[in-house]
Amino acid sequence: MKVKDIYRYLCTKAPVELQMDFDNSGFLVGDPEQVVSNILIALDITSEVIEEAIDHNVQLIVSHHPVIWEPMKQVLTTDPQQNRVIKLIKNNISAICMHTNLDIVEGGVNDRLMDLLGAKTTGILEYTDPENGCGRLGELDVPMDLQPFMERCKSVLQARGLRFHDAGNKVHKIAVMGGSGGNELHFAWENGCDTYITSDIKYDVFLRAKEVGINLIDADHFSTENPVTEVLYQWINDFAADVHVFVSEKQGPAAQFYS
Numbered sequence: 274m275k276v277k278d279i280y281r282y283l284c285t286k287a288p289v290e291l292q293m294d295f296d297n298s299g300f301l302v303g304d305p306e307q308v309v310s311n312i313l314i315a316l317d318i319t320s321e322v323i324e325e326a327i328d329h330n331v332q333l334i335v336s337h338h339p340v341i342w343e344p345m346k347q348v349l350t351t352d353p354q355q356n357r358v359i360k361l362i363k364n365n366i367s368a369i370c371m372h373t374n375l376d377i378v379e380g381g382v383n384d385r386l387m388d389l390l391g392a393k394t395t396g397i398l399e400y401t402d403p404e405n406g407c408g409r410l411g412e413l414d415v416p417m418d419l420q421p422f423m424e425r426c427k428s429v430l431q432a433r434g435l436r437f438h439d440a441g442n443k444v445h446k447i448a449v450m451g452g453s454g455g456n457e458l459h460f461a462w463e464n465g466c467d468t469y470i471t472s473d474i475k476y477d478v479f480l481r482a483k484e485v486g487i488n489l490i491d492a493d494h495f496s497t498e499n500p501v502t503e504v505l506y507q508w509i510n511d512f513a514a515d516v517h518v519f520v521s522e523k524q525g526p527a528a529q530f531y532s
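Residues 274 to 532, numbered by our numbering, are exactly what the sequence shown covers, in order.
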């Protein structure tokens, strides 16, 4: 099994053509001909994750967030992002990053969120083309109060804390968008949702939620997207049975809570 084989397979599950215009998904670092025996799955390719990969003789890291985001005009050890790329190359570790294409594709980030929250997906929150889109609309089988629903969110997403606005609604028709989805609040409201779950929500979005009367939950960027690492694990493990695949144990939410 080679890196190019894994990448080709992942593109059948989450085609890179689906990624948004601003994105940089794909095979970003490494040798496509490199033989793979160990694969590490992570949300982000941080310095800690790279060290974990080195310690476990990993040849390939598959992540959600791109390790290369902005165009690089130089590659220096003095720049943290550039240095991560240098460390990958020096240690013969390739990097495949599936970002907004994994948000958009069926069975990806947002469908996984719906599954964990106990909701049935009923539609797409924001369309990126006539057939595909980011975020999901869904419904709970039985409406519930916001407090126990937030307890569910915190538990299943392994979040350290939640920021929220309680509009006084029962939770029944919900919308989700893994990662930064505050700007998409109006799509949730226009689709008649009583509750919207996303992350990185700014002050003005909380004000808007209060004005329109929709429950709003900020469940942390990491926590709303990290569940997709289990999806990537399952996909690759099913495809490459002879390769050792494991999810990183060296990362978690960057935000801490003091109370």
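Don't be surprised by glycine CBs; every beta carbon is placed ideally from N, CA and C.
Asked	Found
Just verifying my parser: in three-state terms, what is the DSSP assignment at Cys466?	coil
CB-CB under 7 Å to Gly434, same chain, minus the five flanking residues each way: which ones, in chain order?	Phe530
What does the Cβ neighbour count give for Lys446, buried or exposed, with the cut at 16 atoms within 10 Å?	buried
Along the beta strand (DSSP E) that carries Ala448, what are the first and last residues, could you check?	Val444 to Ser453
Can you give the Cα-Cα distance for Asn330 and Phe479, rounded to whole angstroms?	45 Å
In this structure, does DSSP put Val232 in helix, strand or coil?	Because the chain in this structure spans residues 274 to 532, residue 232 falls outside the shown range and cannot be described.
Any C-beta of chain B sitting closer than 7 Å to the C-beta of Phe295?	Of the protein chains in this structure there is only one, and it is not chain B.
Under DSSP, the beta strand (DSSP E) around Tyr400 begins and ends at which residues?	Ala392 to Tyr400
Would you say the region 379-390 touches the region 352-366, given that touching needs at least three Cβ pairs under 8 Å?	no
Straight-line CA distance for Ser496 to Asp304?	31 Å
Quick one: what does DSSP say Met371 is sitting in, helix, strand or coil?	coil
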